[in-house]
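Residues in the first sequence are numbered from 1 upward in steps of one, following UniProt numbering.
No residue lacks a Cβ here, since even glycine has one placed at the ideal position from N, Cα and C.
What follows is a short report on a single structure.
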Amino acid sequence: MKNELTISEFAKLMGVSVHQIRYFEEKGVLQPAYVSDNQYRMYGIDQIYHLSHILLLRKLGVSVSAIQESMAYTPGQYQQLLRHSLEGVEAEIGRLTELQQFIRQVLREGQNFDPVNKPYQIKERKAVQLAKWLELDWAAALNARHLAEHARNVPDLFESDVYWISDGTNSITLYMESNKRSDLTLPAGTYFTKQVLVENDENLEQHIEPFYTAISAHSLDVGGPLVLVEKSYLSLFGNKKLCYELQILIKPDPPEHTLIKSTPLQKPQS
DNA sequence: CTTCTGACA
DNA sequence: TGTCAGGA
């Protein structure tokens, strides 16, 4: 029995696939100790150390081609290599942290979103800065063409709230939250809100009348524009419908504020 | 039965 | 990166 291993023995020992070992060879980072007369690659102790080295660098996020070049590196260049890999790891952590926050937000809002049992809620909201996104005719639904013409990145777009605000005319403007540009600021304050699920944009209008009916039923003194917030990411919670929140500012010091909070609010018609 | 090369998704 | 063919 030889002191060298066949490729499958070597792969099993090192915990990698046979394919990967051949791949490293093709990329010029790992040669077999020798090739036997039946064309089998054979691997010895040197290769074990060497592959460990390669695998370590891969863990640090160093690409195979960079490993190839690193074979001739000075200690200083290795430091540079590690600094670069550190940057990559930190960027990855940042990306994952954002993802974590997004998931938490969806979970939080998803638990709060219950249009069947508690469609109407009174919420304290902070001021929010909105950047104008596009303008639509009230009659025209949002279609793929609009998105193609105005969206830089649609997937990102629907991971955040989209604000539909009518300026009183027959057009409606879509805004996104922004900390850079501010075309419109929704003031902080107490908002009367209604959560709805709709099949499409057209069905949204059906919910607007009942919303105002509820407002007058509770003698709320509201002001400012009606704001429709589209939370398409909440569709993650099973339904194929669109999630919207209608909201309108309640003017400061509303009459019987406490009474409203403790009174069961109107259910939506089914 | 194992491996090799090459190709492909 | 896994998988498959076809040959040794």
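Leaving aside the five residues that flank residue 211 on each side, the residues in its chain whose CB is nearer than 7 Å to its CB run, in chain order, 194, 246. Taking residue 154 as the centre and dropping the five residues before and after it, the same chain places the C-beta of 147 closer than 7 Å to its C-beta, in chain order. When secondary structure is reduced to three states using DSSP, residue 97 falls in the helix class.
By the criterion of a C-beta distance shorter than 8 Å, residue 126 is surrounded in its chain by 188, once the five residues flanking it on both sides are discounted. With the rule of 3 Cβ pairs closer than 8 Å, the segment 164-178 does not count as touching the segment 81-101. Judged by beta-carbon spacing, residue 42 lies within the 8 Å limit of residue 5, meaning their Cβ atoms are closer than that value. Separation of residue 33 and residue 44 (C-alpha to C-alpha, rounded to the nearest whole angstrom) is 6 Å. As DSSP reads the structure, residue 213 sits in no beta bridge. Under a 10 Å Cβ-count criterion, residue 141 is classified as exposed, with fewer than 16 other Cβ atoms of the shown protein chains found around its own Cβ. Secondary structure remark: continuous alpha helix (DSSP H) runs of at least 4 residues inside the segment 130-179, in chain order: 144-150, 154-157. Check the Cα spacing between residue 29 and each of 129, 15, 55: the tightest is with 55. With at least 16 other beta carbons inside 10 angstroms of its own, residue 229 counts as buried. Going by DSSP, residue 192 is part of no alpha helix (DSSP H) but of the beta strand (DSSP E) stretching over 189-198.
The three-state reading of DSSP puts residue 61 in coil, since its state is none of H, G, I, E or B. One alpha carbon belongs to residue 101, the other to residue 234, and they sit about 15 Å apart. Put simply, the backbone Cα of residue 231 is about 7 Å away from that of residue 242. For residue 163 and residue 118, the gap between their C-alpha atoms comes out near 21 Å.
Excluding sequence positions up to five before and after residue 3, its CB lies within less than 7 Å of the CB of 44, all in the same chain and listed in chain order. Taking C-alpha positions only, residue 151 is separated from residue 244 by approximately 20 Å.
Taken through DSSP and simplified to helix, strand or coil, residue 80 comes out as helix. When the beta-carbon positions are compared, residue 27 and residue 85 stay at least 8 Å from each other. When C-alpha distances from residue 61 are compared across 73, 38, 88, the shortest belongs to 88.
Looking at 80, 48, 39, the one whose alpha-carbon comes closest to that of residue 9 is 48. Residue 24 has its alpha-carbon roughly 22 Å from the corresponding atom of residue 74.
Residue 86 sits in a helix when the DSSP states are folded into three classes.
Under the three-state reduction of DSSP, residue 110 is assigned to helix.
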